[in-house]
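Worksheet: the structure to be examined is printed underneath.
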Amino acid sequence: MSSETERLVGRLLDSSQGSVTISSTSTSSAQGVKQPSPDGNMSRSVSALEINPDKDKLNRELKERQEKMKARESLKAMQAFREKLPAFKMREEFLKAVAHNQVLVVSGETGCGKTTQLPQFIMEEEISSLRGADCNIICTQPRRISAISVAARISSERGEALGETVGYQIRLESKHSAETRLLFCTTGVLLRRLAQEPELTGVSHLLVDEIHERGMNEDFLLIILRDLLPRRPDLRVILMSATINADLFSKYFADAPMMHIPGFTFPVEEFFLEDVLEKTRYNIQSESDNFQGNSRRRRRQQESKKDPLTEVFENVDIDSHYKKYSTTARQSLEAWSGSELDLGLVEATIQYICRHEGDGAILVFLTGWDDISKLLDKVKINNLLGDTNKFLVLPLHGSMPTVNQQEIFDRPPPNKRKIVLATNIAESSITIDDVVYVIDCGKAKETSYDALNKLACLLPSWISKASARQRRGRAGRVQPGVCYRLYPRIVHDAMPQYQLPEILRTPLQELCLHIKSLQLGSIGSFLSKALQPPDPLAVQNAIELLKTIGALDDKEELTPLGRHLCTLPVDPNIGKMLLMGSIFQCLNPALTIAAALAYRDPFVLPINRKEEADAVKRSFAGDSCSDHIALLKAFEGYMDAKKSGKARAFCWENYLSPVTLKMIDDMRMQFLDLLSDIGFIDRSKGASAYNHYSNDLEMVSAILCAGLFPNVVQCKRRGKRTAFYTKEVGKVDIHPASVNAGVHLFPLPYLIYSEKVKTSSIYIRDSTNISDYALLLFGGNLSPGKNGEGIEMLGGYLQFSSSKSVLELIRKLREELDKLLNRKIKEPSLDISTEGKGVVVAAVELLHNPNIRYHSGPNS
DNA sequence: GAGCACTGC
Numbered sequence: 001m002s003s004e005t006e007r008l009v010g011r012l013l014d015s016s017q018g019s020v021t022i023s024s025t026s027t028s029s030a031q032g033v034k035q036p037s038p039d040g041n042m043s044r045s046v047s048a049l050e051i052n053p054d055k056d057k058l059n060r061e062l063k064e065r066q067e068k069m070k071a072r073e074s075l076k077a078m079q080a081f082r083e084k085l086p087a088f089k090m091r092e093e094f095l096k097a098v099a100h101n102q103v104l105v106v107s108g109e110t111g112c113g114k115t116t117q118l119p120q121f122i123m124e125e126e127i128s129s130l131r132g133a134d135c136n137i138i139c140t141q142p143r144r145i146s147a148i149s150v151a152a153r154i155s156s157e158r159g160e161a162l163g164e165t166v167g168y169q170i171r172l173e174s175k176h177s178a179e180t181r182l183l184f185c186t187t188g189v190l191l192r193r194l195a196q197e198p199e200l201t202g203v204s205h206l207l208v209d210e211i212h213e214r215g216m217n218e219d220f221l222l223i224i225l226r227d228l229l230p231r232r233p234d235l236r237v238i239l240m241s242a243t244i245n246a247d248l249f250s251k252y253f254a255d256a257p258m259m260h261i262p263g264f265t266f267p268v269e270e271f272f273l274e275d276v277l278e279k280t281r282y283n284i285q286s287e288s289d290n291f292q293g294n295s296r297r298r299r300r301q302q303e304s305k306k307d308p309l310t311e312v313f314e315n316v317d318i319d320s321h322y323k324k325y326s327t328t329a330r331q332s333l334e335a336w337s338g339s340e341l342d343l344g345l346v347e348a349t350i351q352y353i354c355r356h357e358g359d360g361a362i363l364v365f366l367t368g369w370d371d372i373s374k375l376l377d378k379v380k381i382n383n384l385l386g387d388t389n390k391f392l393v394l395p396l397h398g399s400m401p402t403v404n405q406q407e408i409f410d411r412p413p414p415n416k417r418k419i420v421l422a423t424n425i426a427e428s429s430i431t432i433d434d435v436v437y438v439i440d441c442g443k444a445k446e447t448s449y450d451a452l453n454k455l456a457c458l459l460p461s462w463i464s465k466a467s468a469r470q471r472r473g474r475a476g477r478v479q480p481g482v483c484y485r486l487y488p489r490i491v492h493d494a495m496p497q498y499q500l501p502e503i504l505r506t507p508l509q510e511l512c513l514h515i516k517s518l519q520l521g522s523i524g525s526f527l528s529k530a531l532q533p534p535d536p537l538a539v540q541n542a543i544e545l546l547k548t549i550g551a552l553d554d555k556e557e558l559t560p561l562g563r564h565l566c567t568l569p570v571d572p573n574i575g576k577m578l579l580m581g582s583i584f585q586c587l588n589p590a591l592t593i594a595a596a597l598a599y600r601d602p603f604v605l606p607i608n609r610k611e612e613a614d615a616v617k618r619s620f621a622g623d624s625c626s627d628h629i630a631l632l633k634a635f636e637g638y639m640d641a642k643k644s645g646k647a648r649a650f651c652w653e654n655y656l657s658p659v660t661l662k663m664i665d666d667m668r669m670q671f672l673d674l675l676s677d678i679g680f681i682d683r684s685k686g687a688s689a690y691n692h693y694s695n696d697l698e699m700v701s702a703i704l705c706a707g708l709f710p711n712v713v714q715c716k717r718r719g720k721r722t723a724f725y726t727k728e729v730g731k732v733d734i735h736p737a738s739v740n741a742g743v744h745l746f747p748l749p750y751l752i753y754s755e756k757v758k759t760s761s762i763y764i765r766d767s768t769n770i771s772d773y774a775l776l777l778f779g780g781n782l783s784p785g786k787n788g789e790g791i792e793m794l795g796g797y798l799q800f801s802s803s804k805s806v807l808e809l810i811r812k813l814r815e816e817l818d819k820l821l822n823r824k825i826k827e828p829s830l831d832i833s834t835e836g837k838g839v840v841v842a843a844v845e846l847l848h849n850p851n852i853r854y855h856s857g858p859n860s
């Protein structure tokens, strides 16, 4: 698998460029940059550019080079291709609009060339007008892969190596140089850069792409830009969006002018459920077949989980609305329920295409792992069309091992049809060129945030019209295509225009911290300026959390801890884990666990071997009762295997993703650099100075507790089983994929967790079993219990009781620890190893199951 | 007894 992965990555990076993470690129590689220039060879002229302060000369040189390059025979074909793009016809109009307006909104459909051509037009124009030296164009992209691939594409259109005039920068990876005039970066990179460069000094043009997707970073950037524009009258901002809601952005920027570029894709024919039923003759079984009478009416009576789109359909009179359709189709429509996906219908549609349509890959949009897995089984069991050699059925899901495999992109051999069963990863992140048929189930899993219960949710819901359009477009990339929608047209017509923006669907603590770090004023008033301001309760929850972990004070100002957290590009809780890990000499585990939590789970979820994958994860956890320790051990195993050149085999045998582990490894290095920058690490002291307790499970758990608090679960004995409770939502379940699922009796009374998500139930996704002492010493603030007895935490939700002397000891120790911590955080370079030793050793002793016993936790 | 998708000088 790894070789495929490397090939894929190589392909994306334009393999001729080799691997990356450099900031200046040699000009001697790839497409023809060796072309002699007036001063001799190109590389000499480049170094001359870098040291030459004479702008006129630089302007002239840039222009000469551009003209020379354009005249080259090898670029003629490329130029002809560019001139065919719809964007090309708008070149002059676009440049005029940019020259005359500070903000311009450009809308365009896929295939119009807006992302590759518009930034390039600006650069060419600036260079031609002898303004090349002062031109510094930035174009943001929401995804890492598009930042790289667009930069690579433009470089080759210009006949240059990537990193010359066109470069890119994404987290942990960049390719640009002193001569770079056009930089593609992720929106996140630009937002980080704003901390150093709040006025974007030196940037001449900023293009923000894909704003119609309404990602949180993009919405955040737009608020900042609107405030910045009056202070930067020379800055030009170009907002790029799909056609669908361009006027929303124009209005937000004081009716900025809009420009539309028509798209070019092949036509895609569209069928809805009623047509699909007519074609396939598939018979939908009602969920209540035995029930006497009208099933639709029966469903109407089940008012519990009514969704408005299904309701729209149920209010239609089938016989009159669908009178042109056959009786069978009408009967099926009668039985159709929007609440459950009918896999038989999906299969029948696949079969119909295979029997009646021409060649071409089929892409099926499903909601998740479960659908994909079940459909895969069904197709295999039913031996689709009788001949398995004729079909290549591939699952495609972010957590499945296939996600990094080349097979997805390859054209299958003749007479073999590729069928990809995908989530909405195939909507914009992964593009499969040879798709001709799309089957759209109309739903996707979507995160939402329940501010009232402070609960993140992940539930299937109807997609937006924008998504539906995007899915359909996936069929028309190489030739005319067909899209089969497994829902009625009237349901489509009732779909919302766009998905709810991410800023309204997500917890906001990280965003709030970012607002403070960029000194954008009060959190509440800043966010009220958003395109669609988030629920004040969601904002309040975020602020409260930041106060609870000690990042903000009562006046919502950053504390010393909060200021450190701003420099770490992770969720504030994870940032705190990193700081605590470095202070309490558990650095390596903190780096690994923080990186994995911030990025993604390295364990893959193979479709056929989930039991084996489960068992492997459990074996990594040992008897720690901790998913975080399982992560840690898996990563350590990977690093050991890597040393002996066996990383691939190790990943394969242990159901781990090599790509994810590599990213985790790189992120650890970034964290180390940042911790060193802010003074928490002194590299001259060597790694051992920060890892004294790295193999001490109790201490590592305590650091997890320090970072993840207030995410605490109480484990209450209920006979032979254990029940789990959190402060916010009461009873919760341990996620079945957790190593703690099925554990009936925990050695310790609490779990600390990083993620609680409502899906089919409220699940704790990953957890670590911790003691009272971990909470008392490293958790939230202690307050005196009611009646002056015991100790409380989380406003009385957690209660600890013991003898006066023990409680007094704990209070004292905690006080000393806090003092030490506060001094260290105010002055990170302070060496506390000597003066703090006594306190830390005492804490470690207490964590190691001491003889001191007391009753704790809830009355059980 | 179950895992949409992104992102970070």
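Take the first sequence: its position 23, counting from 1, is numbered 23 in full-length UniProt numbering, and each next residue is one higher.
The beta carbon of each residue, even a glycine, is placed where N, CA and C say it ideally should be.
All figures in this text were calculated on a predicted structure; none of them were measured in a lab.
Burial state of residue i, where buried means 16 or more other Cβ atoms lie within 10 Å
i	result
P142	buried
L745	exposed
G159	buried
S582	buried
A30	Unreliable placement is indicated for A30, whose pLDDT of 34 sits below 50; the coordinate value is still reported in the next sentence. Buried, since its Cβ has 16 or more Cβ neighbours within 10 Å.
E270	buried
R144	buried
V841	exposed
R721	exposed
As assigned by DSSP and simplified to three states, the class of residue i
i	result
T722	strand
L85	coil
S155	helix
V840	helix
K251	helix
I170	strand
P395	strand
Q799	strand
Y773	helix
V346	helix
K716	strand
Residue i versus the options, residue with shortest Cα-Cα distance
i	options	result
I372	R65, K63 and G398	G398
L486	L531, E792, G344 and K57	G344
N404	I430, D535 and R417	I430
S829	E126, K731 and S684	S684
L190	L200, G575 and K812	L200
K576	I145, K547 and K55	K547
S177	T187, T165, I170 and T186	T165
Q585	L333, G686 and L459	G686
E789	G780, E808, G779 and N781	E808
V276	S241, A348, M69 and E218	A348
S833	S783, I681 and L777	I681
Residue span of the beta strand (DSSP E) that contains residue i, given as start and end
i	result
H205	H205 to V208
C139	I137 to Q141
E270	V268 to F271
Residue range of the unbroken alpha helix (DSSP H) whose run includes residue i
i	result
C185	It is not in any alpha helix (DSSP H) - C185 instead sits in the beta strand (DSSP E) that spans L182 to T186.
T660	P658 to D677
G462	The sequence shown places Trp at residue 462, not Gly. Element bounds for W462: not the alpha helix (DSSP H) but the beta strand (DSSP E), L455 to W462.
R65	K55 to A71
K643	D627 to K643
G581	P572 to I583
Distance between beta carbons of residue j and residue i, contact taken as under 8 Å
i	j	result
I543	E556	6 Å
N101	P257	5 Å
L846	Y773	5 Å
Q117	R153	Their Cβ separation, rounded to whole angstroms, is 10 Å, which puts Q117 and R153 out of contact at 8 Å.
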